[in-house]
Structure formats: C-alpha cells, structure tokens
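Plus 27 on top of the position in the sequence shown (first one is 1) and you've got my numbering. Remarks on the structure that follows.
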Amino acid sequence: MKESYVTVNGYEVKLTNLDKLIWPEGLAKAHLVKYYSDIAPYILPHLYNRPVVMKRYPDGIEGEQFYQKDCPDYAPTWIKRHPVEHSEKVVNYIVCNDVQTLVWLANSGCIEMHPWLSRIENVECPDIAVIDLDPAAGSTFRDVLTIALLVKEALAQFNLQSYPKTSGATGLHIFVPIKPVYSYKTVTKAMQYVAELIVNINPGMATVERKVAQRQGKVYLDYLQNGRGKTMAFQYSLRPLPGAPVSTPLYWDEIEALNIEPGAFSIHNIFSRIKEIGDIYHGVLTNKQTLDALLKLI
28 MKESYVTVNG
38 YEVKLTNLDK
48 LIWPEGLAKA
58 HLVKYYSDIA
68 PYILPHLYNR
78 PVVMKRYPDG
88 IEGEQFYQKD
98 CPDYAPTWIK
108 RHPVEHSEKV
118 VNYIVCNDVQ
128 TLVWLANSGC
138 IEMHPWLSRI
148 ENVECPDIAV
158 IDLDPAAGST
168 FRDVLTIALL
178 VKEALAQFNL
188 QSYPKTSGAT
198 GLHIFVPIKP
208 VYSYKTVTKA
218 MQYVAELIVN
228 INPGMATVER
238 KVAQRQGKVY
248 LDYLQNGRGK
258 TMAFQYSLRP
268 LPGAPVSTPL
278 YWDEIEALNI
288 EPGAFSIHNI
298 FSRIKEIGDI
308 YHGVLTNKQT
318 LDALLKLI
C-alpha cells in the first residue's frame with residue numbers, strides 16, 4: 028500500500044493509494060481528496076456538528092460499497108466523535124467540522140457525504156426538512172422540475188421558503204431550513220402532508236407510492252427521508268456515478284426555465300460556478316423557519 032502524509036491545519040493526515048482509480052474515466056483517489064480539500068469552505072458549514080454516516084467505495088464506483096456508522100477504532104484521535112443512542116446500541120458517529128477530517132474521510136473512500144438532518148446539540152430535532160424528488164421509469168427530469176415548482180408553491184402557502192439542489196443523480200432535493208424544535212416524526216408528517224398535496228394537484232405526474240413497480244411514469248415524492256437517522260448526499264457532495272457529478276444548489280429561476288440537466292454540474296465545473304455565484308445555499312444555514320402554519324392542518 029502506497030502511503031504519504033499531508034499536514035492539514037497542523038494535523039498529520041495519512042493518505043493511501045492516491046493513484047487508485049475511483050471513476051473509470053481516469054479520476055483517481057487523489058482527485059477525490061483534492062476535491063474535498065478545495066470544496067471545504069463551502070461544504071463544512073453545512074456539515075458542521077452533524078453526525079456523518081460513512082458511505083465507502085474503497086475500490087472505486089465500480090467496486091463494492093458499504094455504509095459505516097461507527098467511527099473506526101483506527102481513526103485519528105483528533106477526529107471528533109459523537110455518541111447517538113439507537114434501539115440496539117450506541118453509535119459513535121464522526122462529526123466533520125474541519126478540513127483534516129474531510130480529507131481523512133475522502134482518503135477512506137467516502138465519495139459521498141451523508142450527514143444527519145439534525146446537529147449534535149439537538150440531535151433529536153432536525154433543522155432541515157426535505158422532499159426528495161425521484162423520477163421513476165417512464166418519467167423525465169423535466170417532470171421532476173415541474174413537480175419541484177409545485178412543491179415550492181405549496182410550501183410558500185405555509186410561509187416556507189425552500190431551496191432546491193440537484194441530487195447529483197437523477198432527481199432533485201428540496202431543502203426547507205427549520206428551527207430545531209420539532210421531532211423527526213413531526214417533520215416527516217409535515218412533509219408527508221405537502222407531498223400528498225402535490226399528488227392531489229397532479230396525480231398523473233406525482234406519487235407517494237412506496238412500491239417501485241407502482242410508480243411507473245411518475246415522480247416519487249419521498250418524504251420518508253425525514254426519518255430519524257436517514258441521510259442523503261448533501262450539497263456539494265460528489266456522487267459515485269460516471270462523470271463525478273456533484274449535488275449542486277440551484278436557483279429557482281434555473282428550475283423554472285425547465286432546461287437544466289440532472290448531471291449539469293460535476294467535479295469538472297462546480298468550482299467555476301461557485302466562483303461566479305458563491306454558496307447560494309447560505310440561506311439553509313440562516314433562514315430557520317417554523318412549521319406551525321403547516322402543522323395546524325395536520
């Protein structure tokens with residue numbers, strides 16, 4: 028195993044097999060590590076104080092992949108851990124608050140960053156609600172964009188501002204920053220109400236059907252992503268797909284134009300976009316809203 032060391036913020040981080048291919052088109056682990064080192068100023072505020080699930084691809088996107096919740100014993104002592112109680116045991120999650128931890132995760136084969144929707148200071152109460160739009164077979168990304176606009180309008184009726192981003196795969200994520208005062212169950216019920224509202228408005232294009240076979244030709248509104256311990260690829264996370272796409276915040280104007288593609292942004296062009304417009308997801312960090320108007324109807 029080829030090893031080297033890099034000093035990040037005064038901490039020594041071991042790097043291994045940097046020439047190993049992660050994406051078959053020629054992107055190696057060195058590119059993965061460099062990406063997260065460079066994107067750190069933008070992704071770290073969003074990851075701050077959130078338990079992170081490691082989704083590891085030690086042999087690249089075409090190899091075996093697995094989730095790892097517990098911080099491994101061999102991890103450096105300077106990596107922050109936080110214990111969270113689950114039904115069967117206590118899990119010591121990694122908390123990624125600094126560049127050195129981000130680089131260590133990337134070197135461990137973590138292509139995606141999968142944090143909780145809550146922070147460790149109030150881990151039982153999320154500060155983000157989400158609706159995940161996933162096109163089923165026979166549905167198009169244009170359908171996803173159309174449904175996203177309906178979700179935006181529905182949320183606005185309850186005085187909720189929402190923030191869209193590409194999933195980096197085939198769909199869209201719509202984030203709603205909220206005050207961390209509601210339980211995961213309450214947030215899930217609130218997003219279920221919104222999702223079912225959209226299905227009632229456009230039953231021919233939208234569905235909340237859990238059985239994949241029954242979603243044919245429709246966009247699935249996944250409100251169950253608000254469950255306790257559920258995670259998804261966060262903003263600025265790379266995805267384990269050809270071309271190294273990035274889950275990228277969007278302007279609503281870009282969605283209204285109905286001409287953006289799901290893989291529009293990748294490791295190759297995300298930095299030119301950020302250089303031009305900055306972090307347009309900054310509102311997710313600051314605009315903490317209330318679900319009270321919505322909860323009155325449930």
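The C-beta atom is built at its ideal place from N, Cα and C for all residues, glycine as well.
For residue i, three-class secondary structure by DSSP
{"i": "Asp319", "result": "helix"}
{"i": "Asn134", "result": "helix"}
{"i": "Glu283", "result": "helix"}
{"i": "Ile155", "result": "strand"}
{"i": "Leu268", "result": "coil"}
{"i": "Ala240", "result": "helix"}
{"i": "Tyr220", "result": "helix"}
{"i": "His309", "result": "helix"}
{"i": "Leu251", "result": "helix"}
{"i": "Glu91", "result": "coil"}
{"i": "Tyr211", "result": "helix"}
{"i": "Ala175", "result": "helix"}
{"i": "Leu324", "result": "coil"}
{"i": "Thr104", "result": "coil"}
{"i": "Ala407", "result": "Any property of residue 407 remains undetermined from this structure, which presents the chain solely from 28 to 325."}
Residue i, enclosing beta strand (DSSP E) - first and last residue
{"i": "Glu39", "result": "38-43"}
{"i": "Ser145", "result": "Neither: Ser145 is in no beta strand (DSSP E) and is coded neither H nor E."}
{"i": "Arg83", "result": "78-83"}
{"i": "Lys302", "result": "Run containing Lys302: none in the beta strand (DSSP E); it sits in the alpha helix (DSSP H), 297-304."}
{"i": "Lys245", "result": "Element bounds for Lys245: n/a, residue is neither H nor E."}
{"i": "Lys107", "result": "107-112"}
{"i": "Phe202", "result": "199-204"}
{"i": "Val122", "result": "117-122"}
{"i": "Tyr49", "result": "Here residue 49 is Ile; the residue named in the question, Tyr, does not match the sequence. Segment 48-50, the beta strand (DSSP E) holding Ile49."}
For residue j and residue i, the rounded distance between their alpha carbons
{"i": "Glu30", "j": "Ser293", "result": "28 Å"}
{"i": "Gly90", "j": "Asp319", "result": "45 Å"}
{"i": "Leu59", "j": "Ile138", "result": "7 Å"}
{"i": "Tyr32", "j": "Lys323", "result": "55 Å"}
{"i": "Val208", "j": "Ile297", "result": "34 Å"}
{"i": "Leu182", "j": "Gly195", "result": "23 Å"}
{"i": "Gln241", "j": "Thr313", "result": "38 Å"}
{"i": "Ser189", "j": "Leu321", "result": "14 Å"}
{"i": "Gly256", "j": "Val117", "result": "13 Å"}
{"i": "His109", "j": "Gly231", "result": "44 Å"}
{"i": "Ala163", "j": "Ile228", "result": "18 Å"}
{"i": "Cys152", "j": "Met28", "result": "42 Å"}
{"i": "Trp177", "j": "His200", "result": "Here residue 177 is Leu; the residue named in the question, Trp, does not match the sequence. Spanning the two alpha carbons is a distance of roughly 13 Å."}
{"i": "Gln184", "j": "Asp100", "result": "48 Å"}
{"i": "Lys82", "j": "Val122", "result": "14 Å"}
{"i": "Ser135", "j": "Ile325", "result": "43 Å"}
Endpoints, the alpha helix (DSSP H) within which residue i is located
{"i": "Lys56", "result": "56-74"}
{"i": "Gln188", "result": "Taken as a continuous stretch (DSSP letters only), Gln188 belongs to no alpha helix (DSSP H), as it is neither H nor E."}
DSSP beta-bridge partners of residue i
{"i": "Met140", "result": "Met81"}
{"i": "Thr34", "result": "Glu39"}
{"i": "Thr17", "result": "Because the chain spans 28 through 325 in this model, residue 17 falls outside it and cannot be assessed."}
{"i": "Asp161", "result": "Tyr247"}
Contacting residues, own chain, Cβ-Cβ under 6 Å from residue i (five flanking each side not counted)
{"i": "Leu48", "result": "Ala55, Gly87"}
{"i": "Trp131", "result": "Val40"}
{"i": "Pro276", "result": "Lys192, Gln262, Ile307, Tyr308"}
Contact set for residue i: own chain, Cβ-Cβ below 7 Å, skip 5 residues either direction
{"i": "Asp97", "result": "Val118, Asn119"}
Cβ of residue i within 8 Å of any chain C Cβ
{"i": "Val117", "result": "Looking at the structure shown, chain C is missing, and only one protein chain is on hand."}
Distance cut-off 7 Å: residue i Cβ against heavy atoms of the ligand GDP
{"i": "Ser299", "result": "Summarising the ligand content, the structure contains no ligands, and the ligand GDP is consequently not present."}
Neighbourhood of residue i by C-beta distance below 8 Å, restricted to the same chain and skipping five residues each side
{"i": "Asn124", "result": "Leu71, Leu74, Tyr75, Asn76, Lys107"}
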